[in-house]
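In the UniProt record's numbering, the protein residues as written are 1 to 220.
Structure (structure tokens):
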């Protein structure tokens with residue numbers, strides 16, 4: 001979950017730099033993408049490891065199919081970890097995301113009133129798609145975040161395991177919706193998907209006649 005949030009944050013910064021151009025004409029390549037992935041996983045690992053060494057703790061959540069930081073831990077260690085965790089792994093990334101996409105939406109609104117080149121139009125479409133992805137991400141994680149905050153404020157809050165599992169599964173499945181958004185909003189992605197399935201169908205149709213020919217050649 002944290003990796004997904006940091007990845008969205010890195011993606012927001014990348015879109016902000018590309019579309020709003022605060023650093024000039026910066027072009028992101030494969031190395032930049034790998035660097036973004038490394039940052040996401042390193043950040044998530046750095047803030048997930050402390051409970052393994054005594055700062056905070058983990059517990060089973062929902063119906064016990066996954067574990068997460070113990071939001072109800074009222075010990076000094078637990079409180080300090082959860083406060084720091086909330087600031088650096090939720091509040092700070094959210095502020096960065098909101099800043100980047102506010103600037104991005106302002107830029108998209110401005111350029112929509114002007115004559116756009118093909119490159120600007122493509123960047124605008126990608127920017128809109130990423131905004132939709134972030135909005136869907138927020139919708140998936142909002143119930144989980146609300147439940148976590150409620151448990152922190154009131155540790156003795158009673159929530160049934162089944163009820164607690166609903167926001168957990170909704171949040172953890174947030175990454176599965178991105179391909180659906182790609183299909184509906186990105187023409188090239190749709191074309192590649194269609195090409196993959198068409199090639200597979202053509203290969204299957206070519207194999208069947210060959211199999212029938214081999215069967216006819218076999219002795220009775």
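Note that the Cβ used here is the ideal one computed from N, Cα and C, for glycine as well.
For residue 68, which beta-bridge partners are listed by DSSP?
-> In the DSSP output, where bridge partners are listed per residue, residue 68 has 59.
Between the beta-carbon of residue 129 and the beta-carbon of residue 181, is there less than 8 Å?
-> Yes. Within cutoff.
Continuous alpha helix (DSSP H) stretch holding residue 76: start and end = Unbroken alpha helix (DSSP H) run through residue 76: 76 to 86.
Would you kindly work out how many angstroms separate the C-alpha atoms of residue 40 and residue 46, rounded to a whole number?
-> Roughly 10 Å separates the two Cα atoms.
Residue 158 versus residue 188: straight-line alpha-carbon distance, rounded | The alpha-carbon atoms of residue 158 and residue 188 are separated by roughly 48 Å.
Which whole-angstrom value describes the C-beta separation of residue 13 and residue 100, a residue pair presumed to lie in contact below a C-beta threshold of 8 Å?
-> Their Cβ separation, rounded to whole angstroms, is 6 Å, which keeps residue 13 and residue 100 in contact under 8 Å.
Given residue 64, which residues of its chain have a CB within under 8 Å of its CB, disregarding the five upstream and five downstream residues?
-> 161, listed in sequence order.
Residue 155 and residue 74 closer than 8 Å at C-beta = The answer is yes: Cβ separation under 8 Å.
Note down, in chain order, each residue of its chain lying with its Cβ closer than 7 Å to the Cβ of residue 3, except the 5 sequence neighbours on either side.
-> The answer, listed in chain order, is 40, 41 and 44.
Where does residue 191 land, buried or exposed, given buried means 16+ other C-beta within 10 angstroms?
-> Classification for residue 191: exposed.
Which term fits residue 219, buried or exposed, when burial requires 16 or more other beta carbons within 10 angstroms of its beta carbon?
-> Only weak support is given to the placement of residue 219: the predicted model assigns it a pLDDT of 48, under 50, and the question is left unresolved by the model.
Beta-carbon separation of residue 51 and residue 76 under 8 Å?
-> With a cutoff of 8 Å on beta-carbon distance, residue 51 and residue 76 are scored as not near each other.
Considering only residues of the same chain and omitting the five flanking positions on each side of residue 214, which have a CB-CB separation below 7 Å?
-> The predicted model places residue 214 with a pLDDT of 43, which falls under 50 and marks its position as unreliable, so this point remains unresolved.
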